[in-house]
Amino acid sequence: MCRARRSPADPGSVAEEERRVKANAREYNEKFQYASNCIQTSKYNIITFLPVNLFEQFQEVANTYFLFLLILQLIPQISSLSWFTTIVPLVLVLTITAVKDATDDYFRHKSDNQVNNRQSQVLINGTLQQEQWMNVRVGDIIKLENNHFVAADLLLLSSSEPHGLCYIETAELDGETNMKVRQAIPVTSELGDISKLAQFDGEVICEPPNNKLDKFSGTLYWKENKYQLSNQNMLLRGCMLRNTEWCFGLVVFAGPDTKLMQNSGRTKFKRTSIDRLMNTLVLWIFGFLVCMGVILAIGNAIWEHEVGACFQIYLPWDTAVDSAFFSGFLSFWSYIIILNTVVPISLYVSVEVIRLGHSYFINWDKKMYCAQRQTPAEARTTTLNEELGQVEYIFSDKTGTLTQNIMIFSKCSINGRSYGDVLDLLGHKAELGERTEPVDFSFNSLADPRFRFWDASLLQAVQLGNPHVHEFFRLLSLCHTVMSEERNEGELYYKAQSPDEGALVTAARNFSFVFRSRTPKTITVQELGRAVTYQLLAILDFNNVRKRMSVIVRSPEGRIRLYCKGADTILLERLHPAHHELLNVTTDHLNEYAGEGLRTLVLAYKDLEDGYYEEWADQLLRASTASEGREDRLARLYEEVERDMTLLGATAIEDKLQQGVPETIAILTLANIKIWVLTGDKQETAVNIGYSCKMLTDDMTEVFIVTGHTVLEVREELRKAREKMMDSSRSMGNGFSCQEKLISSMSASRLTSVLEAIAGEYALVINGHSLAHALEADMELEFLETACACKAVICCRVTPLQKAQVVELVKKYKKAVTLAIGDGANDVSMIKTAHIGVGISGQEGIQAVLASDYSFSQFKFLQRLLLVHGRWSYLRMCKFLCYFFYKNFAFTMVHFWFGFFCGFSAQTVYDQYFITLYNIVYTSLPVLAMGVFDQDVTEQRSMEYPKLYEPGQLNLLFNKREFFICIAQGIYTSVLMFFIPYGVFADATRDDGTQLADYQSFAVTVATSLVIVVSVQIGLDTGFWTAINHFFIWGSLAVYFAILFAMHSDGLFQMFPNQFRFVGNAQNTLAQPTVWLTIILTTVVCIMPVVAFRFLKLDLKPELSDTVRYTQLVRKKQRAQHRCMRRVGRAGSRRSGYAFSHQEGFGELIMSGKNMQLSSLALSSFAARSSSSWIETLRKKKGGDSTASSPSGGADKPLKV
Amino acid sequence: MAVNYNAKEEADGHPSGVGAPGGAGKSRKPDNTAFKQQRLPAWQPILTAGTVLPAFFIIGLIFIPIGIGIFVTSNNIREYEIDYTGTDSSSPCNKCLNVSWNSTPPCTCTINFTLNQPFETNVFMYYGLSNFYQNHRRYVKSRDDSQLNGDNSSLLHPSKECEPYSTSENKPIAPCGAIANSMFNDTLELFRIDNETRIPITLNKKGIAWWTDKNVKFRNPSGNTNNLTALFQGTTKPVNWPKPVYMLDSEADNNGFINEDFIVWMRTAALPTFRKLYRLIERKNNLQPTLQAGKYSLDITYNYPVHSFDGRKRMILSTISWMGGKNPFLGIAYITVGSICFFLGVVLLVIHHKYGNRNTSADIPN
């Protein structure tokens, strides 16, 4: 599709060192041969498909091995099987894989086509022309319109907005949904119309293509001036233009060179532990194969020397073979060929098919479908399913994963009275769930219809004109950094940096204090239906240390007032001491709110004298323009003014949990899965959520909080925590040597689990600073040990990298399967590091989902994914592998025994067609059906008894021991399979007197016994006989006999006498009662011990799943008790905090007016004020009135070098 | 207007798997079918004492009578076996021990023996070979079934598999290959000695091969003549054979490739010790047994050398039953397995009663 292009991977081309792009000069740019904007994610086309795909497939060791066998078979002295016994399975496997690859590639072609054929407007020869994306070249100037995707990496030249500003959404790039501002450099921002743009002949010299999304450095040369370019001037492919009517951009990187495409590298291929075990076992089996080959080759050499040499009168040696030794050497390879079926090629394909089936079941699961978001669960990786049944550690993000990231204004305390409790008719607090009607806000045309509040008394207070309540909501409507947008009259949209703030402003809005619009200098509030414009004098912005924010406004009456909201711990200290009583009441309310897991804020105000303010503002101006110590000076000034405030009240915001989070966590904990929360949030918030989702409970013996800032502090805190655990477990009487155990068991994970069991319930909370120290090489083990001994671990304020490090740490030392779940771009590293990554397809974009192996939209689906799908997948895969190894050993080892009776000549026992078809036809489908459909207990039971999950974690169902049992059973079967017919056939004759023990009859008898025995065995292994299982098992037997008779029929023989030598054999042999007696005997002898053994195991030492299954059978109606989740309000410690997730510095941005474009769009429509007029005012004022302008405003000035 | 853009596809180059291509119009809600929701009705067998123990007893109770039946039947079969290899110096055939393929005149020897019990029903006469590896890979494949099926081109161009017995003196060998070349060619004749007179016993040489072999698998080359000599024109005899294939027998329907001795030989044995049907002795009338008790003599034309590789040659006379010839193994095996099953059943029953978890539902930890 794409024309041949220069790509960095081309060995011929020199790596690009810098990129030169000249606008409107296609010929000039042509000579650099930059990649065009055509992207190609597909790997093949029709011509290259076969060779390239085959080449790729033969890079797989297994495929190459079979190819090698195939080549061996072409040597006549070695060939012990016909060529087709290997080539048919090989071709089948290659075909299946090729078809899969082809379908994948077809879809890629389709999506490539779709993307490449999108239309964009390109400026060619002075006119805008519609062009397909793929025809856009580097150096073209293209026009983008609102809500369009950016076609390539562009240098923003100009836009419809003043100052060349434009807004983009980068959700596709980094998953962040908030808008970002990009700005054209001033010289080009004037190029508003096409004629000017057509004249533009600037040249950009910049860095070569790379994958750094947030970095760009280049220079624009135009009209003999140099202008520095940065990422601020770039629009990247994949972004979407928002709130900007149009903009023009110069294509700098196109197609595969764009940052988006440079970032879409292949993700690391994850393997499951079963995969690794399987590979080890396959290697062992190869070793075993070679051993058998060697034994038989030695046997052959001896035989040829002792017997074969004399037998030459009837059977001379091949011409090339001159010694018994050489014959033995050849027979080694011959045996390698016929014994290769111990590791059949179909193993890998079958495993993939089963996993694919499981993935489809996940995709199809109705109970993991989220109706609200219309997203079904999706298994994005099809190769990890059984690992879902072995998870021991879950690392969870908080925001968006455990919580919905929706903040709800839940309660408030105003002037000593608490509002927001749901009261029933008698005035008692009502229980959750039996809520009455929410408060009706219909009188207020500007109200947000989604807002719910249950306490009508607050509204009454507003309507009655309670001044405190009015002041309370006035504060909420003024003191914030929210931007408003009014698309149509009365349709307000708030754009809040943090959802908490949005919730507060929305609450004020519904209670008739509607924040309507803002300019850098004013805030317009619709107070009880009357528009009031406050003059915004200053925003004292939020930061981590201050934990509060304030605004200073001048009301229309001219009164200057400071409104402040912030964390209780900080704010309560800064109140005027006069209001002691109110403070006490409010504190009680705060405790109550915190006890319910709500996030609280305290609100206060202070009136400022005009003179005082003037003086203060003056100092502020000087401080903000100071070159040194600006931050300190500002902080001191803020501190000074936010003092002696009057308490207004407090708000309580509910950080809404995702549905079913506490229940899910409880069940997963019961399943012995440890859950660690890794969050970027603050400690208070994280702990709060920890309590509300029942990870932390008040029943816990202790919650250790590690907040040390130095290595020593952290080490000390960890040590103390451990000591406490030791002490208590020692006092419980059985921890006598725990200390030593702890030290010695640093790497032996199982020992520590003993420690965990006796240690009681502890939890660990650690913050980012301490974590950084704890993750250092000399302390990581201490940290891990302490953390693993705790029931719950919460790491707060962690960076994405630390998230990955924590996961890596557990992976490294615990040898346990880890699962990371998250929804945001900051979880990507952790998702990629963990064995299994789960993405929540929620609101924070799709970055996490793209990096994940599984995705769904609700945290609660995790329990179903693990306890039902994971558990079944693991069970099925284990059963499948056990049976698969068994059946192939039973099948193949017969050749080994036969070797001792045929002069070690590598003569096969079976017909060559049987060997060809055994694995791919006769025995494949029943075991596949079992691998796909089997269930030991129903899904309800898996949820009811989370303990059923444990065998997977301990890896009990398929490990080396189980493998050897399977192998032993296979070998046992093969021995009987050979020696029983041998015993029968040695002297016997048929019922018509003719010879019974001819080779072909023997082959048919052994083959038939084998098929019957392995069918009975799969019948025993299958625990869940659906119609499909019945069909496959009986069908396989039927197909065996059908093919047997067909292969032995006259017709085929007449056509190919040399290929179908067994003519007439089936009907002759299978008509013999002796043969059937032999088959029955073999079957019973092979199966009987297995049944006896399994029965004994079930009877004497049943697994939990057996017991559950048995109970299910006996008492179908038995209803096991559900574990009740207690929903008890927790009285106790106060955990509140100014839990705002927004960034510092936003206030400054507002004051500078730089981000005003959003609201100005809205303003222009309703306030009849030109959107640019106030910007003009602002510009005029600039320089003089620099209270509002910030140093970052300097970006407006051209940077002339 | 927003462009329908699936960023997922662009960002990782993969189509997003299942259900995604449907787009907005189609609901992405999974179908509520028993199959997709893994709720297919199913039979869930479980090994309980109620099923396993009876099974063991039933198997035991069925196997033991069958075993006894087979054992008795097998014991009622008359079988007489003579090793005539001649390794023992006292054996009359000792002189022939080192014969070669084409020694002339052929070495003959006579072995006298006595049947103590009469053989009532039809008697089958076998030759048995030991330490003869008819199942060796190179041996087994050394034949051309196409040629044996009468294919004229294969007749003149035998398959490579027949090497080194595909051509001799620049002429194709018919039948080619090591199997045909090594065909057993001793002649055995049986006489009853009645008062010093040797009464020859009629040995039937037809009806000893499978019907399918004789009529489907093996066919003489076709042509516009019935004269085998002409049909085999251009071929030569196997190296070890004294006579070409078209002179194996005088009867036209037992000559050439469809000679039954030849067909029997060509059906290679599975094990290095084997017996092959040589002749039939049919019961003349119902009044007297096929072979009375008494003295017999076996005349052997000793052509087939086996001594060089420690092979043995035997002649076996046997009657058969519904389940073929004498086969003590099967009967004993059935009795043994039946007994073991029964015994195991008892043991399991005892264990189950003493230690079994009968009240299993009680100990499900919650």
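Residue numbers (the numbering used here), protein chains in the order written: chain A, 1 to 1201; chain B, 1202 to 1567.
Built from N, CA and C at the ideal position, the CB exists for glycine as well.
Here the structure is a predicted model, which is why all the values come from computation and not from measurement.
Helix, strand or coil for residue i, going by three-state DSSP, please let me know.
| i | result |
| --- | --- |
| B:F1433 | coil |
| A:E145 | strand |
| B:P1293 | helix |
| A:E18 | coil |
| A:I185 | coil |
| B:P1373 | strand |
| A:S1170 | Confidence at A:S1170 is low in this model, with a pLDDT of 37, below 50, so its placement is unreliable and the value that follows should be read with caution. A:S1170 falls in the coil class under three-state DSSP. |
| B:H1554 | helix |
| A:F1056 | coil |
| A:A1131 | Residue placement at A:A1131 is flagged as unreliable, the pLDDT there being 37, under the threshold of 50; a coordinate-derived value is accordingly withheld. |
| A:K656 | strand |
| B:G1526 | coil |
| A:P467 | helix |
| A:E392 | strand |
| A:N340 | helix |
So which residues on chain B does residue i lean against when the C-beta distance must stay under 8 Å?
| i | result |
| --- | --- |
| A:S1105 | Result: empty, since nearest Cβ-Cβ is about 10 Å, beyond 8 Å. |
| A:L72 | Simply none; closest approach about 15 Å. |
| A:R1109 | Q1245 and I1247 |
Give me the chain B residues within the contact set of residue i, using Cβ-Cβ distance strictly less than 9 Å, ordered along the chain.
| i | result |
| --- | --- |
| A:S905 | Y1334, N1336, H1337, R1338, R1339, Y1340 and V1341 |
| A:L1113 | Q1245, I1247 and T1249 |
| A:L1081 | F1264, L1531, A1534, Y1535 and V1538 |
Where DSSP assigns a beta bridge to residue i, which residues make up the other side?
| i | result |
| --- | --- |
| A:K180 | A:I168 |
| B:S1275 | Answer is none; B:S1275 lacks a bridge partner. |
Run through chain B and tell me which residues come within less than 7 Å of residue i, C-beta to C-beta.
| i | result |
| --- | --- |
| A:Y314 | A1379 and S1383 |
| A:P1073 | W1523 and M1524 |
Just to make sure I have the definition right: I need the residues of chain A whose C-beta is within less than 7 Å of the C-beta of residue i. Which are they?
| i | result |
| --- | --- |
| B:Y1556 | L1100 |
| B:D1346 | P1057, N1058 and R1061 |
| B:V1149 | Examination of residue 1149 of chain B is not possible in this model, given that chain B is present from 1202 through 1567 alone. |
| B:Y1479 | Under the 7 Å cutoff, chain A gives no residues; its nearest Cβ is about 10 Å from B:Y1479. |
Which residues of chain A have a Cβ atom closer than 8 Å to the Cβ of residue i, listed in chain order?
| i | result |
| --- | --- |
| B:R1229 | Y369, Q374, T375 and P376 |
| B:F1325 | T989 and G993 |
Closer than 6 Å by C-beta to residue i: which residues in its own chain qualify, once you throw out the five before and the five after it? Chain order, please.
| i | result |
| --- | --- |
| A:P344 | N888 and N919 |
| A:R797 | N767 and G768 |
| B:F1458 | L1349, F1419 and N1421 |
By Cβ distance, which residues of its chain are closer than 7 Å to residue i, with the 5 residues on each side in sequence left out?
| i | result |
| --- | --- |
| A:A792 | I675, G690, M695, L696 and A763 |
Among the residues of its own chain, which have a CB less than 8 Å from the CB of residue i, if the five just before and after it don't count?
| i | result |
| --- | --- |
| A:E1103 | P951 |
| B:F1433 | L1356, A1375, P1422, P1445, V1446, Y1447 and G1457 |
Please list the partners that residue i has in chain A, where partner means a Cβ-to-Cβ separation under 9 Å.
| i | result |
| --- | --- |
| B:A1470 | Q995, A997, D998, Y999 and F1002 |
Mind the definition here: the segment 1231-1247 of chain B touches the segment 354-371 of chain A only if three or more C-beta pairs lie below 8 Å; say whether that holds. yes
With a threshold of 8 Å, are at least 3 pairs of Cβ atoms found where one atom belongs to the segment 637-648 of chain A and the other to the segment 397-407 of chain A? no
Is there contact here, the segment 775-791 of chain A with the segment 679-688 of chain A, by at least three beta-carbon pairs under 8 Å? no
For the segment 660-674 of chain A against the segment 405-424 of chain A, are there 3 or more C-beta pairs whose distance is under 8 Å? no
Within the chosen definition, does the segment 67-80 of chain A reach the segment 27-43 of chain A through at least 3 CB pairs nearer than 8 Å? no
When you compare the segment 1513-1531 of chain B with the segment 1275-1288 of chain B, are there three or more beta-carbon pairs, one atom per stretch, that lie closer than 8 Å? yes
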